[in-house]
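These notes are about the structure you will find just below.
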Amino acid sequence: MQPSQADPSSRIEFALKSVRALIFPVDGVLNGGRITFDSSGGEICSLSVRDAVAIREARKQGLYIAVVSDRDTEAYRPLLEELGVQDLYLGEGNLLDAYEAFRELHDLSDNECAYIGDDIGDIAVLAKAGLPVTPIDGADYLRNRVGYIAGYEGGKGCVREVVEMILIHQNKWPYIERPDTEE
Numbered sequence: 000m001q002p003s004q005a006d007p008s009s010r011i012e013f014a015l016k017s018v019r020a021l022i023f024p025v026d027g028v029l030n031g032g033r034i035t036f037d038s039s040g041g042e043i044c045s046l047s048v049r050d051a052v053a054i055r056e057a058r059k060q061g062l063y064i065a066v067v068s069d070r071d072t073e074a075y076r077p078l079l080e081e082l083g084v085q086d087l088y089l090g091e092g093n094l095l096d097a098y099e100a101f102r103e104l105h106d107l108s109d110n111e112c113a114y115i116g117d118d119i120g121d122i123a124v125l126a127k128a129g130l131p132v133t134p135i136d137g138a139d140y141l142r143n144r145v146g147y148i149a150g151y152e153g154g155k156g157c158v159r160e161v162v163e164m165i166l167i168h169q170n171k172w173p174y175i176e177r178p179d180t181e182e
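The sequence shown begins at 0 in numbering that gives the first Met the number 0 and counts up by one.
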């Protein structure tokens, strides 16, 4: 059944049930827009434990996860790989190209992809993804370009919120009680 064009909540619910992949950038969404360096100039990886738990659970439940970046954010690679993220497009010059490569690799339609973006570099991908999302602290001009504005900031639980929504709508989030269907 197709969603009602007049009812935004039915469109979001339809999109959530269709999603097979979640894509988001390191900067702004995973790290909250903050870059920290150690005394020798190397980047220090930082992310929310809640987001990390959700990423691991999403992979466990079969959701594809891709992390993209238009700059070299190699400091994140070991942690993301430990969380089960196999699709890392770090240091890609064009986020849309990374999105398209990921989609083609896994034979995904745009409607099967959710994308969380928070700034200018995300606009082209947000326009294509079936479920475009921005964190509550995303740039103001993205608010009219997305299907959902998360209630959490980037780097502070936004990824967790979106993963939970997707998995709950697909009856795959194992941490909620469901009514017993046996009689």
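Backbone N, C-alpha and C fix where the C-beta goes; we use that ideal spot for every residue, glycine too. It should be emphasised that the depicted structure is a prediction, and the values quoted were computed from it without experimental measurement.
Taking 8 Å as the cut-off, the Cβ atoms of Ala51 and Leu82 count as close.
Bounds of the alpha helix (DSSP H) holding Val48 are 48 to 59. Under the 10 Å beta carbon count, Asn30 is surrounded by 16 or more other beta carbons and is classified as buried.
For Ala97, the enclosing alpha helix (DSSP H) covers residues 94 to 104.
In this structure the region 66 to 80 lies against the region 33 to 45, because at least three pairs of beta carbons, one per stretch, are closer than 8 Å.
Close CB contacts of Ala128 within its chain, under the 8 Å cut and outside five residues either way in sequence, are with Ile22, Tyr98, Asp109, Cys112, Ala113, Tyr114 (chain order).
Here the region 131 to 149 makes no contact with the region 49 to 68; the two share fewer than three CB pairs at distances below 8 Å.
Burial is judged here by how many other beta carbons sit within 10 angstroms of a residue's own beta carbon; Pro173 has fewer than 16 and is exposed.
When C-alpha distances from Leu79 are compared across Ala57, Gly92, Asp96, the shortest belongs to Ala57.
If you look at Ala20, you'll find it in the beta strand (DSSP E) that goes 20 to 24.
Between the C-alpha atoms of Asp117 and Asp136 there is a straight-line separation of about 7 Å. For the pair Thr133 and Ser38, the Cα-to-Cα distance works out to about 33 Å.
For Cys112, the enclosing beta strand (DSSP E) begins and ends at 112 to 115. Going by DSSP, Ile64 is part of the beta strand (DSSP E) stretching over 63 to 67. The C-beta of Phe101 has 16 or more other C-beta atoms within 10 Å across all chains shown, which makes the residue buried. Per DSSP, the beta-bridge partners of Val132 are Ile115, Tyr147. In the three-state DSSP reduction, Glu80 falls in the helix class (H, G or I).
Within a 10 Å sphere around the beta-carbon of Leu104 sit fewer than 16 other beta-carbons, which makes this residue exposed.
Per DSSP, reduced to three states, the secondary structure at Leu166 is helical.
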